[in-house]
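Asks: Line by line, the protein sequences are chains A and B.
The first sequence begins at 0 in numbering that gives the first Met the number 0 and counts up one residue at a time.
The second sequence begins at 0 in numbering that gives the first Met the number 0 and counts up one residue at a time.
Just so you know, even glycine gets a beta-carbon here, dropped at the ideal spot from N, CA and C.
Quick caveat: nothing in here was measured; it's all calculated off a predicted structure.
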Amino acid sequence: MTTVLIVDDHPTFRATARMLLEAEGYDVVGEAPDGTSGIAAAWELHPDLVLLDVNLPDLDGFSVAQRITANQGAPAVVLTSSRDSSDFGPLVAGSGARGFISKGELSGAAIAELL
Amino acid sequence: MPGLRRALVALFVVGVLFAAVDVAIVLTSSHDDQKVVDAVLGPLIGLSFIGTGVFAWWRRPLNRFGLLMTAVGFAWFAGALVEADNAIVSTIGSYVGPLYLVLVVQLVLSFPTGRLETTTSRVIVAAAYIDAFVLTLPVFLFDGNINSGSNAPDNAFVIAHARGFADVVDVLTSLIGFAIAAATAVVLLRKRRTSTAPQRRAQAPMLWTGLTVIIALGLLFGGDAVGVPDNVLGVVAFVGFVAFAILPYAFVAGLVRTRYSRAGAVGGLIERLNTPDTPVRLREALADALGDPTLQLVYWRESAGHYVNYAGHRVDLPAPNSGPARRAVAEVERDGKRVGAIVYDAALRDDPSLVRAAAAAAALQLENERLEAELRARVEELQTSRARLVEVSMGERRRLERDLHDGAQQRLVALSLQLGLARRKLEDDPVIGGRLLDAARGELDRALEELRELARGIHPAILTDRGLGAALEALAHRAPLPVDLHEMPKDRLPAAVEAAAYFVVAESLTNVAKYSGAEHATVRVGRHDSFAVVEVSDDGVGGADPAAGTGLRGLADRLAALDGRLEVHSPPGGGTLIRANIPCPTCA
Numbered sequence: 000m001t002t003v004l005i006v007d008d009h010p011t012f013r014a015t016a017r018m019l020l021e022a023e024g025y026d027v028v029g030e031a032p033d034g035t036s037g038i039a040a041a042w043e044l045h046p047d048l049v050l051l052d053v054n055l056p057d058l059d060g061f062s063v064a065q066r067i068t069a070n071q072g073a074p075a076v077v078l079t080s081s082r083d084s085s086d087f088g089p090l091v092a093g094s095g096a097r098g099f100i101s102k103g104e105l106s107g108a109a110i111a112e113l114l
Numbered sequence: 000m001p002g003l004r005r006a007l008v009a010l011f012v013v014g015v016l017f018a019a020v021d022v023a024i025v026l027t028s029s030h031d032d033q034k035v036v037d038a039v040l041g042p043l044i045g046l047s048f049i050g051t052g053v054f055a056w057w058r059r060p061l062n063r064f065g066l067l068m069t070a071v072g073f074a075w076f077a078g079a080l081v082e083a084d085n086a087i088v089s090t091i092g093s094y095v096g097p098l099y100l101v102l103v104v105q106l107v108l109s110f111p112t113g114r115l116e117t118t119t120s121r122v123i124v125a126a127a128y129i130d131a132f133v134l135t136l137p138v139f140l141f142d143g144n145i146n147s148g149s150n151a152p153d154n155a156f157v158i159a160h161a162r163g164f165a166d167v168v169d170v171l172t173s174l175i176g177f178a179i180a181a182a183t184a185v186v187l188l189r190k191r192r193t194s195t196a197p198q199r200r201a202q203a204p205m206l207w208t209g210l211t212v213i214i215a216l217g218l219l220f221g222g223d224a225v226g227v228p229d230n231v232l233g234v235v236a237f238v239g240f241v242a243f244a245i246l247p248y249a250f251v252a253g254l255v256r257t258r259y260s261r262a263g264a265v266g267g268l269i270e271r272l273n274t275p276d277t278p279v280r281l282r283e284a285l286a287d288a289l290g291d292p293t294l295q296l297v298y299w300r301e302s303a304g305h306y307v308n309y310a311g312h313r314v315d316l317p318a319p320n321s322g323p324a325r326r327a328v329a330e331v332e333r334d335g336k337r338v339g340a341i342v343y344d345a346a347l348r349d350d351p352s353l354v355r356a357a358a359a360a361a362a363l364q365l366e367n368e369r370l371e372a373e374l375r376a377r378v379e380e381l382q383t384s385r386a387r388l389v390e391v392s393m394g395e396r397r398r399l400e401r402d403l404h405d406g407a408q409q410r411l412v413a414l415s416l417q418l419g420l421a422r423r424k425l426e427d428d429p430v431i432g433g434r435l436l437d438a439a440r441g442e443l444d445r446a447l448e449e450l451r452e453l454a455r456g457i458h459p460a461i462l463t464d465r466g467l468g469a470a471l472e473a474l475a476h477r478a479p480l481p482v483d484l485h486e487m488p489k490d491r492l493p494a495a496v497e498a499a500a501y502f503v504v505a506e507s508l509t510n511v512a513k514y515s516g517a518e519h520a521t522v523r524v525g526r527h528d529s530f531a532v533v534e535v536s537d538d539g540v541g542g543a544d545p546a547a548g549t550g551l552r553g554l555a556d557r558l559a560a561l562d563g564r565l566e567v568h569s570p571p572g573g574g575t576l577i578r579a580n581i582p583c584p585t586c587a
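What follows is the structure, encoded as structure tokens:
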């Protein structure tokens, strides 16, 4: 079962995303409300996947993605936002993340496609 | 100052009495060789000094020159006692005889202020007093030559006869007298070199006459000590005496010249200001006319209640005589209204009527420059407030984006995910599916409420549709504390005024609810002299600072854009009153 860490500052989204991913066979092993605690949780929990919001209160999601994916054997990162990927231009590609899923289109199948 | 005037008249009358006594002594003297000359010239000279001294004293009560002039006159009369037949009176007259000369030294050294302003001049005057009244004592006590003329009564102060010793002391005092006169002449010439051209012109008569007296005095002392023939000394004495006698008239001539040059300076100023083809800055023209290159002009801003400089920047008047360069201030009025002030070198204060005359001549142009300065100040204020307004508006857009993103958008995202999940669950677990749909419905309601709140914050529809009164009623209704509304406008006001008034109340009530701890708030909207006046008051803790938060400052900037003004009265513990004055031409 793929283990997942959700990093997002909105509790409503974290709860809904957990419900959705667990219903689709993922194992959500942790949640973090900001970039700093997200990086710490990624090192600690070694999830297979980090679902990472772009707009975090402390750090920018792209730099959080870079720091999480910098080491070998690091988890895969999928960026997400309520904004559209076209708002971010080439930033997603340069961040080390596997890809971007708009929050409204989040599903197990969409994640599986990127992994 | 009628009291001073009466006292000075009385002083002059006393001077006349002294003159009468002087004449009586001379006419009854059995040893005065030139009775007629002394009886005519003596009172004339003494009263010239007292008369001009009293006049100068009256015109410039703070200047001690008049006092010194008067003192010379009285000292001159005291010296005439030497002609008395009574030995004691005659000897006293001989002893105090040099007093008027010492006073002349003090007079010329302290011209024109009447004060000895340098250490050198103070030392010279002190030496003169010591030489005249301390060092000469042995001459009197040991039967020296006390210059009281032939047939004069005997020296009444003699305690022992030691003519040889007394003569040595006499020569010594003469040599010191010579040194004092020489030093005085040097100081006077040096002072002339450092004077400005107008000062020199005004001081010339007094300076040259005084210098002649001092040089003659020096030559007499020196000649006396080294034994120059009497006929030569006689000529010198005559020249010195004539110069001394005309000293008061030289002083008057100086005054006339000053007044003339003052009239010339002010006349030149008026002419310069009225020449249309060569526009000149008033400050330069005034600085030239008053001979003060450091002169500054400041303009009164009635609307702001402070002074500004030509560029329109706020300036504070210097405290009188403050700073290394002592400054004085003359406020300028036109038609009874303050228009500005001249800040000038305090040295000019000796001539306050000059500054006043120049200020009066400049009032019209000062008023014009004041209007220009006012305009510059307003332009600068508008630029600042416009820049802040842009900043506020950008900040509001950022806040809107943030609110949309964090609020409704997040709820709609969650709703979308919940609907997707519910659709899948409806087939294999209808109960969970139903719960997910209920949750989605709740999410949708909250999203709608947040969107409504946001829309109201941008511009409430009720304000557009039904006007300020209805919009404020709705605002009061939604407020978390009781709000009384008074004097709500019945008619519609211009849209910009209604919007400004609405946001003043909205922002103020938000602050009341957040920070004041108040139990009750009151809102008033009145009309006053083409202004809509909006007041929000509460019974909370007070202490609101418009400079501290962005909310009140943002309001102030919005109002400034409409030429309005925000006042905040919020003493600690005394509640808060926010008053906005919004220009509203149709409100009158």
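1. Name, going along the chain, the residues of the segment 399–412 of chain B whose beta-carbon falls closer than 9 Å to a beta-carbon of chain A.
2. Tell me where the alpha helix (DSSP H) around residue 63/B begins and ends.
3. With 16 other CB atoms within 10 Å as the buried threshold, where does residue 283/B fall?
4. I need the DSSP call for residue 379/B, collapsed to helix, strand or coil.
5. Does any residue of chain A bring its CB to less than 8 Å from the CB of residue 416/B?
6. Using a cut-off of 8 Å between C-beta atoms, extract the partners of residue 419/B located in chain A.
7. Using a Cβ cut-off of 7 Å, pull out every chain B residue sitting near residue 81/A, in sequence order please.
8. Just checking: is the beta-carbon of residue 61/A within a distance shorter than 8 Å of some beta-carbon in chain B?
9. Considering Cα atoms alone, identify which of 383/B, 426/B and 302/B is closest to residue 373/B.
10. Name, in chain order, the residues that DSSP records as bridge partners for residue 483/B.
11. So, is the C-beta of residue 31/A closer than 8 Å to a C-beta in chain B?
12. What does the Cβ neighbour count give for residue 94/A, buried or exposed, with the cut at 16 atoms within 10 Å?
13. For a contact meaning CB atoms closer than 9 Å, what does residue 87/A contact in chain B?
14. Taking a contact to mean a Cβ-Cβ separation below 8 Å, would you say residue 6/A touches residue 31/A in this structure?
15. Who are residue 578/B's beta bridge partners in DSSP?
16. Please check if any C-beta of chain B sits within less than 8 Å of the C-beta of residue 41/A.
17. Among 544/B, 14/B and 327/B, which residue has its Cα nearest to the Cα of residue 515/B?
18. Output, in sequence order along the chain, the residues in the segment 0–14 of chain A whose CB is closer than 9 Å to any CB in chain B.
19. Out of 133/B, 124/B, 208/B and 553/B, point me to the one whose CA is closest to residue 387/B's CA.
20. Nearest to residue 38/A by alpha carbon, out of 66/A, 21/A and 77/A?
21. Find the residues of chain B that neighbour residue 16/A, judging by a C-beta separation of less than 8 Å, and give them in chain order.
22. Work out the CA separation of residue 100/A and residue 109/A for me, nearest whole Å.
23. Can you tell me whether DSSP reads residue 45/A as helix, strand or coil?
24. Compute the Euclidean distance between the alpha carbons of residue 273/B and residue 327/B, then round it to the nearest angstrom.
25. Please list the partners that residue 95/A has in chain B, where partner means a Cβ-to-Cβ separation under 7 Å.
26. Expressed to the nearest angstrom, what Euclidean distance is found between the alpha-carbon atoms of residue 384/B and residue 559/B?
27. Assign residue 424/B to one of two classes, buried (16 or more other C-beta atoms within 10 Å of its C-beta) or exposed (fewer than that).
28. Quick one: which chain B residues come within Cβ less than 8 Å of residue 22/A?
29. Give me the DSSP bridge partner(s) of residue 99/A.
30. Give the straight-line distance between the Cα atoms of residue 363/B and residue 336/B, rounded to the nearest whole angstrom.
31. Which residue's Cα is closest to the Cα of residue 304/B: 316/B, 295/B and 293/B?
32. What did DSSP end up calling residue 330/B once you bin it into helix, strand or coil?
33. To the nearest whole angstrom, what separates the beta carbons of residue 154/B and residue 29/B, a pair I think is in contact under 8 Å?
34. Kindly indicate the opening and closing residues of the beta strand (DSSP E) around residue 31/A.
35. Identify which residue in 309/B, 295/B, 356/B and 40/B has its Cα closest to the Cα of residue 343/B.
36. Ordered along the chain, which non-local residues of its own chain (more than five positions away) have a Cβ less than 7 Å from that of residue 330/B?
Replies: Here's the rundown:
1. 404, 405, 408, 409, 410, 411 and 412
2. As a first step, residue 63/B must be located in the second sequence, where it is residue number 64. From DSSP, residue 63/B is part of no alpha helix (DSSP H); its letter is neither H nor E.
3. The count along the second sequence starts at 1 and reaches residue 283/B at position 284. With fewer than 16 other Cβ atoms within 10 Å, it is exposed.
4. For the purposes of this step, residue 379/B is taken as residue 380 along the second sequence, with counting starting at 1. Three-state DSSP puts residue 379/B in a helix.
5. Mapped onto the second sequence, residue 416/B falls at position 417. So, interface residue.
6. Counted from its first residue, the second sequence places residue 419/B at position 420. The answer, in chain order, is 19 and 106.
7. Reading the first sequence from its first residue, position 82 is the one you call residue 81/A. Going along chain B in sequence order, the residues near residue 81/A (Cβ under 7 Å) are 404, 408, 409 and 412.
8. Taking the first residue of the first sequence as position 1, residue 61/A is located at position 62. Judged by the 8 Å Cβ criterion, residue 61/A is not in contact with chain B.
9. In the second sequence, the residue the question calls residue 373/B occupies position 374. When each option's Cα is compared against that of residue 373/B, the closest is 302/B.
10. For the purposes of this step, residue 483/B is taken as residue 484 along the second sequence, with counting starting at 1. DSSP lists 521/B as partners of residue 483/B.
11. Taking the first residue of the first sequence as position 1, residue 31/A is located at position 32. No - not a single Cβ of chain B is within 8 Å of the one on residue 31/A.
12. What you label residue 94/A is simply residue 95 of the first sequence in a count that begins at 1. Its Cβ being crowded by 16 or more others within 10 Å, residue 94/A is buried.
13. In the first sequence, residue 87/A corresponds to position 88, counting from 1. In chain order: nothing, as chain B lies at least about 14 Å away.
14. Start at 1 with the first residue of the first sequence, and residue 6/A comes out as number 7. Start at 1 with the first residue of the first sequence, and residue 31/A comes out as number 32. Yes. Within cutoff.
15. Working through the second sequence from its first residue, we reach residue 578/B at position 579. Bridge partners of residue 578/B: 534/B and 566/B.
16. For the purposes of this step, residue 41/A is taken as residue 42 along the first sequence, with counting starting at 1. No, residue 41/A lies away from the interface with chain B (no Cβ there is under 8 Å from its Cβ).
17. As a first step, residue 515/B must be located in the second sequence, where it is residue number 516. For residue 515/B, the nearest C-alpha among the options comes from 544/B.
18. 8, 9, 11, 12 and 14
19. Numbered from its first residue, the second sequence carries residue 387/B at position 388. Among 133/B, 124/B, 208/B and 553/B, the Cα nearest to that of residue 387/B belongs to 553/B.
20. Numbered from its first residue, the first sequence carries residue 38/A at position 39. The shortest C-alpha separation from residue 38/A is found at 66/A.
21. Your numbering for residue 16/A matches position 17 in the first sequence. 416, listed in chain order.
22. Position 110 of the first sequence, counted from the start, is the residue given in the question as residue 109/A. Position 101 of the first sequence, counted from the start, is the residue given in the question as residue 100/A. Distance between the alpha carbons of residue 109/A and residue 100/A: 7 Å.
23. What you label residue 45/A is simply residue 46 of the first sequence in a count that begins at 1. Of the three classes helix, strand and coil, the one that applies to residue 45/A here is coil, per DSSP.
24. Counting from one through the second sequence, the residue named residue 273/B turns up at place 274. Counting from one through the second sequence, the residue named residue 327/B turns up at place 328. So the alpha carbons of these two residues sit roughly 27 Å apart.
25. For the purposes of this step, residue 95/A is identified with residue 96 of the first sequence, where counting begins at 1. Result: empty, since nearest Cβ-Cβ is about 24 Å, beyond 7 Å.
26. As a first step, residue 384/B is located in the second sequence; it is residue number 385 there, counting from the start. As a first step, residue 559/B is located in the second sequence; it is residue number 560 there, counting from the start. Taking the straight line joining both Cα atoms gives about 7 Å.
27. In the second sequence, counting from the first residue as 1, residue 424/B sits at position 425. Label assigned to residue 424/B: buried.
28. On the first sequence, residue 22/A is found 23 positions in, with the first residue counted as 1. By Cβ distance, chain B contributes 420, 423 and 424.
29. As a working note, residue 99/A is residue 100 in the first sequence. DSSP, once it has assigned bridges, lists 78/A as partnering residue 99/A.
30. Taking the second sequence and counting its residues from 1, one reaches residue 363/B at position 364. Taking the second sequence and counting its residues from 1, one reaches residue 336/B at position 337. Spanning the two alpha carbons is a distance of roughly 12 Å.
31. In the second sequence, the residue the question calls residue 304/B occupies position 305. Closest option to residue 304/B, Cα to Cα, is 316/B.
32. Locating residue 330/B in the second sequence gives position 331, counting from the first residue. If DSSP states are grouped into helix, strand and coil, residue 330/B belongs with the strands.
33. As a working note, residue 154/B is residue 155 in the second sequence. As a working note, residue 29/B is residue 30 in the second sequence. The Cβ separation is near 17 Å, so there is no contact.
34. Position 32 of the first sequence, counted from the first residue, corresponds to residue 31/A. Looking at the DSSP string, the run of the beta strand (DSSP E) that includes residue 31/A is 26–31.
35. As a position in the second sequence, residue 343/B is number 344, starting the count at 1. Selected option, being the one with the closest Cα: 295/B.
36. Here the question's residue 330/B lines up with position 331 in the second sequence. Answer for residue 330/B: 337 and 340, listed in chain order.
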